[in-house]
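Taken in order, these protein sequences are the chains called A and B.
Each step along the first sequence adds one to the number in our numbering, with nothing skipped, and position 182 is 182.
Each step along the second sequence adds one to the number in our numbering, with nothing skipped, and position 39 is 39.
C-beta: ideal position from N, C-alpha, C; glycine also.
Quick caveat, the model's predicted, so the values are computed rather than measured.
Single-structure report; data block below.
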Amino acid sequence: MSKLLEYRKKILKALGITCLVAIAIAASVGSIQAAGSVEPMGITPLWFFIILLVGCTVIGIFAVLAGVGGGVIFTPVFMGFTPIDSYIIRSTGLFVAMAGALVAGRPFLNKGVANIRLLFTGAVPYAVFAVIGAMLAGYIQKTMGAGGEAFIRGALGVIVIGIGLLFVFFGGKSEYPEVSFVDKFTEKLNLPLPYYEDSLGKVINYKVTRAALGLTLFCGVGLISGLFGLGAGWAMVPVFNMVMAAPLKVAATCSKVMISMGDTAAVWPYIVGGGLFPLFTVPSMIGLIVGTLIGSKIMLKVKAGFVRWIIIVVMIGAGIRLISKAWTMV
Amino acid sequence: MTEQEKPKPLLSGVIYGEITFWITIIGMIICTIGIVLYFIIGNQFFDANTMVNELWAGKDAATIWKDAAGREVIHGHWYLTRLAFTDAIAMLGLGLCCLAAVFGSWGSVIGMIANKEKPYLFLVFAIIIAVLLTCSAAGLVSLH
Numbered sequence: 001m002s003k004l005l006e007y008r009k010k011i012l013k014a015l016g017i018t019c020l021v022a023i024a025i026a027a028s029v030g031s032i033q034a035a036g037s038v039e040p041m042g043i044t045p046l047w048f049f050i051i052l053l054v055g056c057t058v059i060g061i062f063a064v065l066a067g068v069g070g071g072v073i074f075t076p077v078f079m080g081f082t083p084i085d086s087y088i089i090r091s092t093g094l095f096v097a098m099a100g101a102l103v104a105g106r107p108f109l110n111k112g113v114a115n116i117r118l119l120f121t122g123a124v125p126y127a128v129f130a131v132i133g134a135m136l137a138g139y140i141q142k143t144m145g146a147g148g149e150a151f152i153r154g155a156l157g158v159i160v161i162g163i164g165l166l167f168v169f170f171g172g173k174s175e176y177p178e179v180s181f182v183d184k185f186t187e188k189l190n191l192p193l194p195y196y197e198d199s200l201g202k203v204i205n206y207k208v209t210r211a212a213l214g215l216t217l218f219c220g221v222g223l224i225s226g227l228f229g230l231g232a233g234w235a236m237v238p239v240f241n242m243v244m245a246a247p248l249k250v251a252a253t254c255s256k257v258m259i260s261m262g263d264t265a266a267v268w269p270y271i272v273g274g275g276l277f278p279l280f281t282v283p284s285m286i287g288l289i290v291g292t293l294i295g296s297k298i299m300l301k302v303k304a305g306f307v308r309w310i311i312i313v314v315m316i317g318a319g320i321r322l323i324s325k326a327w328t329m330v
Numbered sequence: 001m002t003e004q005e006k007p008k009p010l011l012s013g014v015i016y017g018e019i020t021f022w023i024t025i026i027g028m029i030i031c032t033i034g035i036v037l038y039f040i041i042g043n044q045f046f047d048a049n050t051m052v053n054e055l056w057a058g059k060d061a062a063t064i065w066k067d068a069a070g071r072e073v074i075h076g077h078w079y080l081t082r083l084a085f086t087d088a089i090a091m092l093g094l095g096l097c098c099l100a101a102v103f104g105s106w107g108s109v110i111g112m113i114a115n116k117e118k119p120y121l122f123l124v125f126a127i128i129i130a131v132l133l134t135c136s137a138a139g140l141v142s143l144h
């Protein structure tokens with residue numbers, strides 16, 4: 001198993017290095033057709049690619065240090081601080097959140113920390129409502145024009161400020177919540193699966209509770225994720241951990257894997273709607289994944305507490321900017 | 001604690017993790033190759049300069065399709081029939097990444113059946129997810 005994990009790390013490293021080398025080669029080739037002429041925007045497609053790659057790498061590093069997924073920062077930052085169309089940003093945001101989750105889920109499932117019962121149960125309402133959200137996004141874009149765009153930006157601004165405040169006031173999650181009462185519905189579902197905790201050297205037997213409330217909340221989380229193209233770990237972890245009382249590690253790993261299911265369901269309506277462009281999506285995806293890898297290395301060496309506050313400031317700043325943009329569009 | 005005493009992860013979960021991981025990695029490699037060719041060879045479905053300008057001008061997806069590809073949005077897997085274009089190769093890689101969870105969830109369903117994992121309620125949930133993802137990837141869950 002450890003050999004396989006080592007192999008995986010090597011592949012990811014090789015992918016990142018290959019990409020950087022390829023860009024360097026591309027930059028040195030005189031006959032690059034796309035980069036040949038400088039356009040009115042002021043940068044060539046190649047520079048657009050490189051700037052996006054570097055920007056998303058930075059977002060990925062900060063996201064890991066702050067303990068959130070890159071997808072949740074990508075969408076508000078790009079919608080708040082760039083003129084790019086919100087439908088395209090949301091398509092890409094959803095894709096990068098999904099790609100990161102797909103790559104990250106494997107070791108958690110191999111070790112049994114991510115509870116497959118818990119995540120399939122939660123994935124049903126999450127995925128269904130993520131698809132409804134994605135279709136709603138397409139409908140708003142098609143029929144409501146500037147008013148719809150203003151609504152999306154304004155509502156996302158409010159949500160992003162809410163996420164920032166959630167980090168400030170409800171940062172303290174419980175590693176192993178105590179469950180004093182398990183309701184009948186949750187008991188019948190038989191959700192818990194024990195796992196071996198390496199750091200403690202023992203098997204963790206845990207209970208979960210309030211499954212009905214948790215599943216209802218996942219409907220709302222899915223809708224927000226699909227409609228606004230956000231990764232949803234920021235909401236799923238508290239639902240699993242604070243509402244359903246799953247251990248923090250189980251909550252975090254289950255949310256990662258569930259994002260890969262729900263966002264896959266939601267990303268296809270965006271793709272069918274023509275909202276995914278390789279020139280924008282590929283550097284964003286590579287940048288966020290490379291940034292996540294770099295961030296996890298840095299995390300072992302630095303105190304990341306201050307980064308969390310930077311992210312909170314960025315999120316609230318992006319939220320205010322989104323609301324002001326929406327205000328000017330109305 | 002010996003390996004035998006440690007709880008074993010469910011096969012369905014392991015299958016999901018393995019399938020999604022490897023398909024995503026293959027997809028990422030393909031889209032990286034596609035985007036490198038995009039810059040070195042050219043032969044683009046979407047004109048790169050037009051696309052960058054239009055993206056930065058805040059144009060919507062339909063306008064970018066019209067101006068950079070010279071046509072209306074093709075709803076569905078447009079890249080499959082246009083793999084001679086470098087950005088279609090990159091898009092194939094992206095599409096493959098988006099299919100990872102579809103294959104993974106079906107793999108998980110098969111794993112549950114093969115391993116006779118109880119209770120069967122979770123098999124029902126897994127089938128619902130697999131069907132939903134398949135419909136979504138097939139373009140059946142769409143406004144178009």
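Reduced DSSP secondary structure (H/G/I, E/B, other) of residue i
{"i": "Ile32(A)", "result": "In this prediction, Ile32(A) has a pLDDT of 41, which is less than 50 and means its spatial position is unreliable; what the coordinates show is noted afterwards. In this structure, Ile32(A) counts as coil in the three-state DSSP scheme."}
{"i": "Tyr195(A)", "result": "strand"}
{"i": "Ile204(A)", "result": "strand"}
{"i": "Thr209(A)", "result": "coil"}
{"i": "Gln4(B)", "result": "coil"}
{"i": "Gly107(B)", "result": "helix"}
{"i": "Arg308(A)", "result": "helix"}
{"i": "Ala27(A)", "result": "In this prediction, Ala27(A) scores a pLDDT of 45, lower than 50, which makes its location untrustworthy; the coordinate-derived value is nonetheless stated afterwards. Correct three-state label for Ala27(A): helix."}
{"i": "Tyr38(B)", "result": "helix"}
{"i": "Phe228(A)", "result": "helix"}
{"i": "Thr44(A)", "result": "coil"}
{"i": "Phe240(A)", "result": "helix"}
{"i": "Pro278(A)", "result": "helix"}
{"i": "Pro247(A)", "result": "coil"}
Contact with chain B by residue i, beta-carbon distance below 9 Å
{"i": "Ser37(A)", "result": "Residue confidence for Ser37(A) is low, a pLDDT of 44 falling below 50, so the modelled location carries little weight and cannot support an answer."}
{"i": "Asp385(A)", "result": "Because residue 385(A) is not part of the residues shown, which for chain A are 1 to 330, the question remains open."}
{"i": "Val29(A)", "result": "In this prediction, Val29(A) has a pLDDT of 44, which is less than 50 and means its spatial position is unreliable; nothing more can be read from the coordinates."}
{"i": "Leu322(A)", "result": "no"}
{"i": "Val103(A)", "result": "yes"}
{"i": "Asn241(A)", "result": "no"}
{"i": "Leu189(A)", "result": "yes"}
{"i": "Ser91(A)", "result": "yes"}
{"i": "Ile271(A)", "result": "yes"}
{"i": "Ser260(A)", "result": "yes"}
Short Cβ contact (9 Å threshold) for residue i with residue j
{"i": "Gly95(B)", "j": "Ile289(A)", "result": "no"}
{"i": "Phe120(A)", "j": "Ser108(B)", "result": "yes"}
{"i": "Ala232(A)", "j": "Ala134(A)", "result": "no"}
{"i": "Thr20(B)", "j": "Ser260(A)", "result": "yes"}
{"i": "Thr209(A)", "j": "Val179(A)", "result": "yes"}
{"i": "Ala97(A)", "j": "Ser296(A)", "result": "no"}
{"i": "Leu193(A)", "j": "Asn115(A)", "result": "yes"}
{"i": "Gly274(A)", "j": "Tyr126(A)", "result": "no"}
{"i": "Arg117(A)", "j": "Leu10(B)", "result": "yes"}
{"i": "Pro278(A)", "j": "Gly34(B)", "result": "yes"}
{"i": "Tyr195(A)", "j": "Val239(A)", "result": "no"}
{"i": "Met258(A)", "j": "Gly122(A)", "result": "yes"}
{"i": "Trp309(A)", "j": "Val72(A)", "result": "no"}
{"i": "Gly104(B)", "j": "Met28(B)", "result": "no"}
{"i": "Ala63(A)", "j": "Gly70(A)", "result": "yes"}
{"i": "Lys202(A)", "j": "Val182(A)", "result": "no"}
Cβ of residue i within 9 Å of any chain A Cβ
{"i": "Leu55(B)", "result": "yes"}
{"i": "Ala114(B)", "result": "no"}
{"i": "Gly76(B)", "result": "yes"}
{"i": "Leu147(B)", "result": "With chain B covering 1 to 144 only, the question about residue 147(B) has no answer from this structure."}
{"i": "Tyr38(B)", "result": "yes"}
{"i": "Trp106(B)", "result": "no"}
{"i": "Tyr16(B)", "result": "yes"}
{"i": "Ala84(B)", "result": "no"}
{"i": "Gly95(B)", "result": "yes"}
{"i": "Ile110(B)", "result": "no"}
{"i": "Gly70(B)", "result": "no"}
{"i": "Asp60(B)", "result": "yes"}
{"i": "Asp67(B)", "result": "no"}
Anticipated Cβ contact below 8 Å, residue i with residue j, distance rounded
{"i": "Thr264(A)", "j": "Val102(B)", "result": "7 Å"}
{"i": "Leu132(B)", "j": "Ile23(B)", "result": "So it is not a contact: roughly 18 Å between Cβ atoms."}
{"i": "Gly287(A)", "j": "Leu102(A)", "result": "Actually they do not touch by this definition, with Cβ atoms about 16 Å apart."}
{"i": "Leu230(A)", "j": "Gly93(A)", "result": "6 Å"}
{"i": "Phe167(A)", "j": "Ile312(A)", "result": "5 Å"}
{"i": "Val128(A)", "j": "Ala90(B)", "result": "So it is not a contact: roughly 30 Å between Cβ atoms."}
{"i": "Pro7(B)", "j": "Gly112(A)", "result": "6 Å"}
{"i": "Ile294(A)", "j": "Ile61(A)", "result": "5 Å"}
{"i": "Leu331(A)", "j": "Leu227(A)", "result": "Residue coverage of chain A in this structure runs from 1 to 330, which leaves residue 331(A) outside it and unanswerable."}
Pick out the complete alpha helix (DSSP H) segments inside the segment 58-100 of chain A, 4 residues or longer, and give them in chain order. 70-81
Output the residue ranges of the alpha helix (DSSP H) runs that lie fully inside the segment 97-185 of chain A and measure 4 residues or longer, sorted by chain position. 116-143, 145-169
Taking only runs that begin and end inside the segment 72-126 of chain B, name each unbroken alpha helix (DSSP H) of 4 or more residues, in chain order. 86-114
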